[in-house]
Amino acid sequence: MKKLKNFNFNSSLWIGFALAFLYLPLVVMAIFSFNDSKSLSSWSGFSLRWYQELFVNQQMIDAIVVSVSIAILSTVISTILGTITAIGISKSKPILRKIVLQVNNLPIMNPDIVTGIALMLLFSFVKMEKGYLTMLLAHIAFCTPFVITNVLPKVRQLDANLADAAMDLGATPFQALTKVIIPQIKPGIISGALLAFTMSFDDFIISYFVSGNGIENISIIIYNMSKRTNPSIYALATIILVVVLVFVILGTVIPKFFPKATNKVMSSKVVKVVLAGCLLLSVGWSISTGVSKKTLRVYNWGEYIDKSVISEFEEKYDCRIIYETFDSNEIMYTKYMSGNSYDIMVPSEYMIERMIKEDLLQPIDKELVPNLKNINKGILGQSFDPGNNYWVPYFCGNVGILYDKTIVDKEDLEEGWNILRNPKYRGQIYMYDSERDSFMVALKALGYSMNTTIEKEISEAYQWLIDQRSEMDPVYVGDESIDTMISGVKAMAIMYSGDATTVMSENPNMGYYLPEEGTNVWFDGFVISKECKQTKLANQFINFMVSDQNAYKNTVEVGYLTANVNAAKKAADDTYKGISAYEIRTAQKDEVFSYQSNEVKEMYNSRWTKVKAK
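1 is the number of the first residue of the sequence shown in the UniProt record's numbering; add one for each residue after it.
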């Protein structure tokens, strides 16, 4: 008896640990959704500001509508298709049944990213414009196999003669299906439908590749927002969590204590009318997405603009902005070349160079962009576009070392990039998880150009990174280092100046250092695609964005140095006063990234893979 009690106690203990492991992160997220600051690691007071920001964010509201409507439509259609297919499979010959089941298993076993890329290529091949319809078709395609898998076991449990018996008693084939077969397999249909809804509502990877025309679901929005610290996503996730919990609790408690009332309600016409209404609203939304005024498609980095500026432009010029975001130049280029239509894009310098060489851009109409006169003259005239014909600078900055002044000795900074190999700081370094930026650090530490194409120099830089990894145990991270450095988790981090500005605004113990060996000077700018038809509106949008007032709004919202000198001066004297990262250095040894040929890119790629594999 004593052993049994100990066993029960140990089982309860392990269950408690398992539940804590599963739900503690959700509790922490919910708590910090009420935090007054942006940090997810330090509490600065109770506030509802992130919930307020969430409900005034039109892009987020649109994404919620897209997610829910897509989930409802794809669930209904995939459940119907899956149920009919499962019934058909059960009546098929054994060889055909086996073949269909194997084919059905392929999309289930296939990695989502492969499915997403395949669907993207398919839609591009058939010249279908990416948007609401392509996302809906994609969700139906990957949900249907799961419905089949859920319904088929219930179909197999049926008596094979059930349908024949119903028809012998006078039922038509359709009546036999709807009045006899479907009620018997209803549990399988419901479980399949719930799984389809969950998968559609949760999906990110496939949606990311097949979306376009300004259509984004919640997962895509959250992914783009997570690239920089934005607690609005904690608020949204908390609301979703609460709604799901309420439905789960109600769905569990009410049927248990009120079974008769539940059955009566579920079979009533009211529920059917509500479900039909949701379906009609979903269809209405899908139709309305194609109706608009004159439109301008803008493709920008995630969290790289004050959203109110877009609304102001739409109101002023009586137009609609279809605004989408990306997280790398390569993703932007791939989606554009795969058939997605964009009028204005915001690539970095080396990608602008590539797009100019490939004749993908049209010239800026400088008469329509008079605010060019306020652009920092030191930024203009870059080698990839000496005449400033194809781009208008937006943000700029450097890559440097963000360091904790309470830990890092100032004298050690004189080592330049080699401080990242100082044994004193072993285990205290964040390296940026970027091939070009990491190789830039190594090449500059060795005294080479960060644009070198000499294999010997690239190999030496590779060895520098390998040695640093074994000696210093650095952690390779992305933008998540912003929040952790605000909390002072590490002593140093390789960071873009704009992100460093955000950190230094929150943590006064942080400093920013640009080594004398030189570093990367980067620029992001507006370009107009060759296929843009609304060229006048596109130029007006660019002019609007680089005006003194809007440039100031954007730089305060984002933290990066604006190319507009008047807005930059105002921000430096006001919001970012005393923050050294809010500036740009263009020293003799500083360089701008050049476009790499495929051969050169392969030399870097192959070595970078080995660095990350260590």
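Glycine included, each C-beta is placed from N, C-alpha and C at the ideal position. A quick note: this is a predicted structure, and the numbers were derived from the prediction, not measured.
Just curious, the alpha helix (DSSP H) that T144 is in, first and last residue?
-> In the sequence shown, the residue the question calls residue 144 occupies position 144. Counting along the chain, the alpha helix (DSSP H) containing T144 begins and ends at Y132 to R156.
Beta strand (DSSP E) runs contained entirely in the segment 426-451, provided each spans 3 or more residues | 429-432
Pull up the CB-CB distance for I64 and I222, whole angstroms please, since I reckon it's below 8 Å.
-> Walking along the sequence shown from the start, residue 64 turns up at place 64. Walking along the sequence shown from the start, residue 222 turns up at place 222. About 11 Å separates the two Cβ atoms, so there is no contact after all.
Within 7 Å: the Cβ of M351 and any heavy atom of the ligand MG?
-> This structure does not include the ligand MG; it has no bound ligands of any sort.
Nearest-angstrom Cα separation, counted from T562 out to Y552 | Along the sequence shown, read from residue 1 onward, the residue named residue 552 stands at position 552. Along the sequence shown, read from residue 1 onward, the residue named residue 562 stands at position 562. Each residue's alpha carbon lies about 8 Å from the other.
What residues match up with A493 in a beta bridge as DSSP calls it?
-> Residue numbering aside, residue 493 sits at position 493 when the sequence shown is read from its first letter. In DSSP, A493 forms a bridge with L402 and Y430.
Could you pull out every residue in the same chain whose Cβ sits closer than 7 Å to the Cβ of I579, ignoring the five residues on either side in sequence?
-> The residue labelled residue 579 in the question sits at position 579 within the sequence shown. Around I579: T501, M504 and S505.
Relative to the C-alpha of L81, which residue among I99, L122 and N104 is closest?
-> Taking the first residue of the sequence shown as 1, we reach residue 81 at position 81. Nearest option by C-alpha distance: N104.
Span of the alpha helix (DSSP H), counted from its first residue to its last, around F326 | Along the sequence shown, one-based indexing puts residue 326 at 326. It is not in any alpha helix (DSSP H) - F326 instead sits in the beta strand (DSSP E) that spans R320 to F326.
Using beta-carbon positions only, say whether K405 and N509 come within less than 8 Å of one another.
-> Along the sequence shown, read from residue 1 onward, the residue named residue 405 stands at position 405. Along the sequence shown, read from residue 1 onward, the residue named residue 509 stands at position 509. Yes, these two residues count as a Cβ contact at 8 Å.
Looking only at its own chain, which residues have a Cβ that is under 6 Å from the Cβ of K335, when we skip the five neighbours before and after it?
-> Numbered from 1 along the sequence shown, position 335 holds the residue referred to as residue 335. Cβ neighbours of K335 beyond the five flanking positions: none.
To the nearest angstrom, report how far apart K294 and R320 are at their CA atoms.
-> Against the sequence shown, residue 294 aligns to sequence position 294. Against the sequence shown, residue 320 aligns to sequence position 320. So the alpha carbons of these two residues sit roughly 6 Å apart.
Among residues of its own chain, excluding the 5 on either side of I108, which ones have a beta-carbon nearer than 6 Å to its beta-carbon?
-> As a working mapping, residue 108 is identified with position 108 in the sequence shown. Closer than 6 Å at the Cβ level, and outside the excluded window around I108, lie P145.
Taking the C-alpha atoms as reference points, what is the distance between T609 and F34?
-> On the sequence shown, residue 609 is found 609 positions in, with the first residue counted as 1. On the sequence shown, residue 34 is found 34 positions in, with the first residue counted as 1. In a straight line, the C-alpha of T609 is about 40 Å away from that of F34.
On the DSSP bridge assignment, give the partners of M345 in chain order.
-> Locating residue 345 in the sequence shown gives position 345, counting from the first residue. BP columns for M345 point to Y299 and V527.
Beta-carbon separation of N329 and S348 under 8 Å?
-> One-based indexing of the sequence shown puts residue 329 at position 329. One-based indexing of the sequence shown puts residue 348 at position 348. Cβ distance < 8 Å, so N329 and S348 count as in contact.
In terms of DSSP beta bridges, what is T562 paired with?
-> Here residue 562 refers to the residue found at position 562 when the sequence shown is read from its first residue. Bridge partners of T562: F395.
Would you call G397 buried or exposed, if buried means 16 or more other Cβ atoms sit within 10 Å of its Cβ?
-> Mapped onto the sequence shown, residue 397 falls at position 397. So G397 counts as buried.
Can the beta-carbon of N388 be found less than 8 Å from the beta-carbon of V565?
-> The residue you call residue 388 lines up with position 388 of the sequence shown. The residue you call residue 565 lines up with position 565 of the sequence shown. In this structure, V565 does not lie closer than 8 Å to N388 by Cβ.
Between which two residues does the alpha helix (DSSP H) containing V611 stretch?
-> As a position in the sequence shown, residue 611 is number 611, starting the count at 1. Here the alpha helix (DSSP H) through V611 covers N598 to A613.
Could you spell out the range, first to last residue, of the beta strand (DSSP E) harbouring V475?
-> In the sequence shown, the residue the question calls residue 475 occupies position 475. DSSP places V475 in the uninterrupted beta strand (DSSP E) bounded by V475 to V477.
May I ask you to report which of helix, strand or coil DSSP gives Q59?
-> For this step, residue 59 is matched to residue 59 along the sequence shown. If DSSP states are grouped into helix, strand and coil, Q59 belongs with the helices.
Helix, strand or coil at G82 [DSSP, three-state] = Your numbering for residue 82 matches position 82 in the sequence shown. In this structure, G82 counts as helix in the three-state DSSP scheme.
Decide if the segment 177-185 is in contact with the segment 197-210; the criterion is three or more beta carbon pairs, one per stretch, under 8 Å apart.
-> The segment 177-185 makes no contact with the segment 197-210, as fewer than three CB pairs between them are under 8 Å.
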